[in-house]
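2 protein chains.
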Amino acid sequence: MTELKYEVQGSWQSAPGGVTLPRGFQASGVHCGIKKSRPDFALIVSEKQAQAAGVFTSNLVKAAPVLVTMEHLESGFARAIVANSGNANACTGEKGLKDAEMMAEGVASLLAICPQEVAVASTGVIGKALPMDKVSEGIRLAVSNLSPKGSGDAAQAILTTDRSTKEVGLTGSIGGRNVSIGGIAKGSGMIHPNMATMLAFITTDVAIAPIMLRKALVQSVNESFNMITVDGDTSTNDMAIVMANGLAANALIDEEGPDFDEFCRGLREVASSLAKMIVKDGEGATKFVEVRVQGASSVEDARCIARTVASSNLVKTAIFGADPNWGRILAAAGRAGVNFHPDLTDVYIGDVLVACSGKSGGFDEDCARKALAEKNIEITLNLNIGNEAASAWTCDLTYDYVKINASYTS
Amino acid sequence: MTELKYEVQGSWQSAPGGVTLPRGFQASGVHCGIKKSRPDFALIVSEKQAQAAGVFTSNLVKAAPVLVTMEHLESGFARAIVANSGNANACTGEKGLKDAEMMAEGVASLLAICPQEVAVASTGVIGKALPMDKVSEGIRLAVSNLSPKGSGDAAQAILTTDRSTKEVGLTGSIGGRNVSIGGIAKGSGMIHPNMATMLAFITTDVAIAPIMLRKALVQSVNESFNMITVDGDTSTNDMAIVMANGLAANALIDEEGPDFDEFCRGLREVASSLAKMIVKDGEGATKFVEVRVQGASSVEDARCIARTVASSNLVKTAIFGADPNWGRILAAAGRAGVNFHPDLTDVYIGDVLVACSGKSGGFDEDCARKALAEKNIEITLNLNIGNEAASAWTCDLTYDYVKINASYTS
Numbered sequence: 000m001t002e003l004k005y006e007v008q009g010s011w012q013s014a015p016g017g018v019t020l021p022r023g024f025q026a027s028g029v030h031c032g033i034k035k036s037r038p039d040f041a042l043i044v045s046e047k048q049a050q051a052a053g054v055f056t057s058n059l060v061k062a063a064p065v066l067v068t069m070e071h072l073e074s075g076f077a078r079a080i081v082a083n084s085g086n087a088n089a090c091t092g093e094k095g096l097k098d099a100e101m102m103a104e105g106v107a108s109l110l111a112i113c114p115q116e117v118a119v120a121s122t123g124v125i126g127k128a129l130p131m132d133k134v135s136e137g138i139r140l141a142v143s144n145l146s147p148k149g150s151g152d153a154a155q156a157i158l159t160t161d162r163s164t165k166e167v168g169l170t171g172s173i174g175g176r177n178v179s180i181g182g183i184a185k186g187s188g189m190i191h192p193n194m195a196t197m198l199a200f201i202t203t204d205v206a207i208a209p210i211m212l213r214k215a216l217v218q219s220v221n222e223s224f225n226m227i228t229v230d231g232d233t234s235t236n237d238m239a240i241v242m243a244n245g246l247a248a249n250a251l252i253d254e255e256g257p258d259f260d261e262f263c264r265g266l267r268e269v270a271s272s273l274a275k276m277i278v279k280d281g282e283g284a285t286k287f288v289e290v291r292v293q294g295a296s297s298v299e300d301a302r303c304i305a306r307t308v309a310s311s312n313l314v315k316t317a318i319f320g321a322d323p324n325w326g327r328i329l330a331a332a333g334r335a336g337v338n339f340h341p342d343l344t345d346v347y348i349g350d351v352l353v354a355c356s357g358k359s360g361g362f363d364e365d366c367a368r369k370a371l372a373e374k375n376i377e378i379t380l381n382l383n384i385g386n387e388a389a390s391a392w393t394c395d396l397t398y399d400y401v402k403i404n405a406s407y408t409s
Numbered sequence: 000m001t002e003l004k005y006e007v008q009g010s011w012q013s014a015p016g017g018v019t020l021p022r023g024f025q026a027s028g029v030h031c032g033i034k035k036s037r038p039d040f041a042l043i044v045s046e047k048q049a050q051a052a053g054v055f056t057s058n059l060v061k062a063a064p065v066l067v068t069m070e071h072l073e074s075g076f077a078r079a080i081v082a083n084s085g086n087a088n089a090c091t092g093e094k095g096l097k098d099a100e101m102m103a104e105g106v107a108s109l110l111a112i113c114p115q116e117v118a119v120a121s122t123g124v125i126g127k128a129l130p131m132d133k134v135s136e137g138i139r140l141a142v143s144n145l146s147p148k149g150s151g152d153a154a155q156a157i158l159t160t161d162r163s164t165k166e167v168g169l170t171g172s173i174g175g176r177n178v179s180i181g182g183i184a185k186g187s188g189m190i191h192p193n194m195a196t197m198l199a200f201i202t203t204d205v206a207i208a209p210i211m212l213r214k215a216l217v218q219s220v221n222e223s224f225n226m227i228t229v230d231g232d233t234s235t236n237d238m239a240i241v242m243a244n245g246l247a248a249n250a251l252i253d254e255e256g257p258d259f260d261e262f263c264r265g266l267r268e269v270a271s272s273l274a275k276m277i278v279k280d281g282e283g284a285t286k287f288v289e290v291r292v293q294g295a296s297s298v299e300d301a302r303c304i305a306r307t308v309a310s311s312n313l314v315k316t317a318i319f320g321a322d323p324n325w326g327r328i329l330a331a332a333g334r335a336g337v338n339f340h341p342d343l344t345d346v347y348i349g350d351v352l353v354a355c356s357g358k359s360g361g362f363d364e365d366c367a368r369k370a371l372a373e374k375n376i377e378i379t380l381n382l383n384i385g386n387e388a389a390s391a392w393t394c395d396l397t398y399d400y401v402k403i404n405a406s407y408t409s
């Protein structure tokens with residue numbers, strides 16, 4: 000089987016530091032009392048105005064911070080990202096919008112920047128008003144705690160039911176200059192294609208024009224955050240934001256070409272690393288699953304089938320139970336709304352060919368069970384009708400998923 | 000709030016007898032060894048050739064019996080329905096098709112009818128060959144056990160992980176003649192709109208032309224089986240079949256009018272009763288949930304939102320935990336792909352207005368929790384933008400759903 004995973008190509012190498020790895024970024028994460036005891040307020044600031052782009056939830060029900068940030072980023076510039084966890088400020092009406100604006104204004108005032116330069120994000124319970132006294136305290140604390148080593152604290156402060164922080168950093172070379180890209184994210188539940196409940200904040204010191212930055216972000220989101228699913232629900236609050244402050248002083252990337260491609264490779268690697276971390280830390284997850292679709296007529300078809308299989312409750316419970324029920328895999332593919340020939344389709348669990356040309360390959364059940372007992376599982380469908388491929392990532396559906404979600408607000 | 004439930008209207012009244020309630024139908028359910036010890040083989044026979052219509056899974060991966068029955072019913076006529084449980088005869092290639100044909104031929108030969116007059120259905124594990132020696136024995140036993148009181152046995156023999164049989168009977172009056180409609184079904188897992196894993200066999204002694212029978216079936220399926228969801232997965236084997244043998248001797252229904260409407264009311268009641276039984280008996284279900292959408296611009300919009308909310312894992316786990324997390328309800332509606340105004344939308348849990356104009360109604364949480372602790376739960380969304388309405392039915396997502404599905408083949 001061909002390898003679908005993107006290897007870190009080009010000049011990119013892993014490095015510590017997260018969103019404060021790139022030059023000129025500081026961050027902080029503090030506790031202001033929105034959550035009982037854990038950090039709940041994060042701030043990321045660029046010392047210089049940065050190009051900025053965002054991708055937002057496709058849900059018709061958009062939380063107030065999403066609406067405010069969409070508007071603020073229309074300019075293509077930003078200086079800061081402020082985020083709270085513990086309260087989503089979603090379904091909160093006019094007051095919610097005012098509160099989100101006040102978060103931006105509070106940060107802007109202390110940093111002596113313009114409120115429109117501040118992106119606002121919230122995650123947590125839907126439908127409750129933000130406690131603005133605590134938010135004010137959060138802003139004060141976050142600004143005074145800003146640090147060039149603050150990425151880890153910020154990564155901590157945006158979590159909800161996540162079990163671990165999600166932080167990535169890469170250094171590389173563009174146009175002969177050392178550059179870097181860093182990111183933090185939160186995920187956990189309500190994770191589904193076309194923006195999960197997911198906040199992802201990415202920073203870079205690369206010099207790039209707003210239109211190219213946006214293009215690179217959309218491409219990388221389509222291959223990363225839009226290819227993961229935990230439970231099929233799309234949240235009201237999702238956003239992925241990238242800020243590029245240009246302090247690496249590379250020649251401005253303002254068109255397609257080798258520099259743009261190199262930046263895209265790095266950005267894609269950061270985004271897909273964060274996306275996979277989100278799935279691995281999915282609510283109740285015990286296993287990480289890559290669903291690869293090969294031999295498709297188009298990338299869109301491959302993506303659609305990969306996502307549908309990755310979304311299937313029946314596939315995900317079977318994986319939890321290490322049950323090589325390949326019929327469920329093929330049946331899920333069959334309801335993706337994509338035209339293919341089940342009779343030509345091969346299905347692999349790990350390296351075991353469990354279905355050949357749409358029927359049982361008379362495979363070794365013990366081998367398949369062993370592959371499903373691993374922590375990392377690969378499911379491959381080869382449609383054998385074309386040359387296009389895509390991957391989606393998911394986790395298993397477990398008792399703990401039910402437990403976590405049966406009593407979230409209480 | 001207006002009442003969306005369909006009351007049994009017109010002349011229809013509940014009656015025992017299931018598929019053998021209408022004149023001229025016999026049925027049987029036997030054990031032939033496909034399953035270890037429970038009944039696994041069912042037969043329904045009309046003493047006279049009947050008009051017949053079917054609706055089949057929308058999954059691209061269609062099981063062999065689905066393909067065979069689609070072809071057999073093209074004529075618009077049938078005499079018998081034969082079904083086995085324990086093996087889906089899906090993803091079984093050419094041999095599967097031959098086996099499904101042999102099931103029809105075996106029945107036809109013993110009943111001295113034409114194989115094309117036999118509809119074939121299977122449900123159970125995907126991807127394993129039907130044990131044809133056992134099937135042959137099943138055919139022999141089923142034919143010799145045919146009885147005018149055999150509906151209960153047939154209802155038993157089509158079950159898989161179902162906990163209880165699903166059987167309905169109605170008597171009514173059309174054109175001055177006493178008529179009846181009966182049905183049996185199996186459901187349980189892989190239940191989702193546009194045909195669940197679901198077999199539904201409906202019989203009637205009404206005289207009706209094939210084209211009108213088909214029309215009535217499609218309408219009633221759209222309002223019943225296509226509005227239920229257990230886990231979002233569409234099966235390879237679903238079918239709903241109706242046979243009408245005309246023995247009630249009413250004036251043939253061959254056009255729209257009062258007689259057709261009366262028949263549709265009865266058929267819809269049979270189909271929606273069976274559909275609701277399937278949901279109540281959903282895998283691991285502890286609660287039955289009706290999601291009503293009112294005030295929509297179109298019935299299609301209302302259906303789409305109702306189904307999306309009913310499909311949400313997050314809504315279903317919150318209901319399991321009696322957690323009045325209305326934000327999840329509104330968020331699920333928001334990803335239905337339908338245009339509406341979240342800011343105008345009211346959400347009720349039972350009679351409790353939990354969200355008014357898209358934000359918290361400052362409701363009594365204890366009352367909402369109490370409503371969610373019931374066995375039967377009603378969730379209502381009023382979009383306040385039109386006059387159309389629809390309902391979908393689902394169940395909660397529980398530990399037992401995970402348990403049942405983590406090890407189905409083993």
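Protein chains in written order, with numbering that gives the first Met the number 0: chain F, 0 to 409; chain L, 0 to 409. Think of the CB as a built atom: it goes at the ideal place given N, C-alpha and C, for glycine as much as any other residue. These figures come from a predicted structure and were not determined experimentally.
Residues that DSSP places opposite residue i in a beta bridge
i: Ala389 of chain F; result: F:Val292
i: Ile207 of chain L; result: L:Ile252
i: Tyr347 of chain F; result: F:Leu352, F:Thr379
i: Phe287 of chain L; result: L:Asn375, L:Cys394
Inter-residue CB distance, residue i and residue j (contact presumed, cutoff 8 Å)
i: Leu371 of chain F; j: Ile348 of chain F; result: 6 Å
i: Lys358 of chain L; j: Gly92 of chain F; result: 4 Å
i: Asp39 of chain F; j: Asn83 of chain F; result: 6 Å
i: Ser223 of chain L; j: Arg267 of chain L; result: 7 Å
i: Leu96 of chain L; j: Val119 of chain L; result: Not quite, the Cβ-Cβ distance comes to about 10 Å (not below 8 Å), so this is no contact.
i: Ala63 of chain F; j: Ala99 of chain F; result: 4 Å
i: Asn225 of chain L; j: Ala89 of chain L; result: Asn225 of chain L to Ala89 of chain L, Cβ: 21 Å. No contact.
i: Val65 of chain F; j: Phe55 of chain F; result: 5 Å
Beta carbon of residue i nearer than 9 Å to that of residue j
i: Ile173 of chain F; j: Ile252 of chain F; result: yes
i: Ala309 of chain L; j: Ala199 of chain L; result: no
i: Val124 of chain F; j: Ile80 of chain F; result: no
i: Ala335 of chain L; j: Cys303 of chain L; result: yes
i: Gly186 of chain L; j: Gly281 of chain L; result: yes
i: Ile240 of chain F; j: Ile318 of chain F; result: no
i: Ala87 of chain L; j: Gly126 of chain L; result: yes
i: Gln293 of chain L; j: Asn221 of chain L; result: no
i: Gln25 of chain L; j: Gly137 of chain L; result: no
i: Met238 of chain F; j: Met197 of chain F; result: yes
i: Leu169 of chain L; j: Gln12 of chain L; result: yes
i: Asp395 of chain F; j: Val337 of chain F; result: no
Alpha-carbon to alpha-carbon, residue j and residue i
i: Thr393 of chain L; j: Ala331 of chain L; result: 14 Å
i: Ile183 of chain F; j: Gly28 of chain L; result: 60 Å
i: Pro192 of chain F; j: Ala206 of chain L; result: Below a pLDDT of 50, predicted positions are generally treated as unreliable, and Pro192 of chain F, at 37, falls in that range; the measurement from the model is reported next regardless. Approximately 49 Å, taken between the alpha carbons.
i: Ala248 of chain F; j: Arg176 of chain F; result: 7 Å
i: Gly306 of chain L; j: Val290 of chain L; result: Going by the sequence as given, residue 306 of chain L is Arg instead of Gly. So the alpha carbons of these two residues sit roughly 8 Å apart.
i: Ala14 of chain L; j: Glu166 of chain L; result: 10 Å
i: Ile412 of chain F; j: Cys366 of chain L; result: Coverage of chain F is limited to positions 0 through 409, which leaves residue 412 of chain F absent and any answer about it impossible.
i: Asn144 of chain F; j: Ser45 of chain F; result: 14 Å
i: Thr122 of chain F; j: Val314 of chain L; result: 18 Å
i: Lys374 of chain L; j: Ser311 of chain L; result: 19 Å
i: Val142 of chain F; j: Thr203 of chain F; result: 20 Å
i: Asp260 of chain L; j: Val18 of chain L; result: 21 Å
Any non-hydrogen atom of the ligand COA closer than 8 Å to residue i Cβ
i: Gly360 of chain L; result: The ligand COA is not part of this structure, which contains no ligands at all.
**Study point:** Short-range partners of chain F found in the segment 383 to 403 of chain L, where Cβ spacing is below 7 Å
**Key:** Leu396, Thr397, Tyr398, Val401
Review point. Going along the chain, which residues of the segment 199 to 229 of chain F sit with their C-beta nearer than 7 Å to a C-beta in chain L?
Key: none
Exercise for review: Note down, in chain order, all residues in the segment 344 to 366 of chain L with a beta-carbon under 8 Å from any beta-carbon belonging to chain F.
Suggested key: Ala354, Ser356, Gly357, Lys358, Ser359
Check your understanding: If you measure beta-carbon to beta-carbon, which residues of the segment 89 to 102 of chain L are closer than 7 Å to chain F?
Key -> Ala89, Cys90, Thr91, Gly92
Review point. Using Cβ-Cβ distances below 9 Å, what residues of the segment 112 to 140 of chain L are close to chain F?
Key: Val124, Ile125, Gly126, Lys127, Ala128
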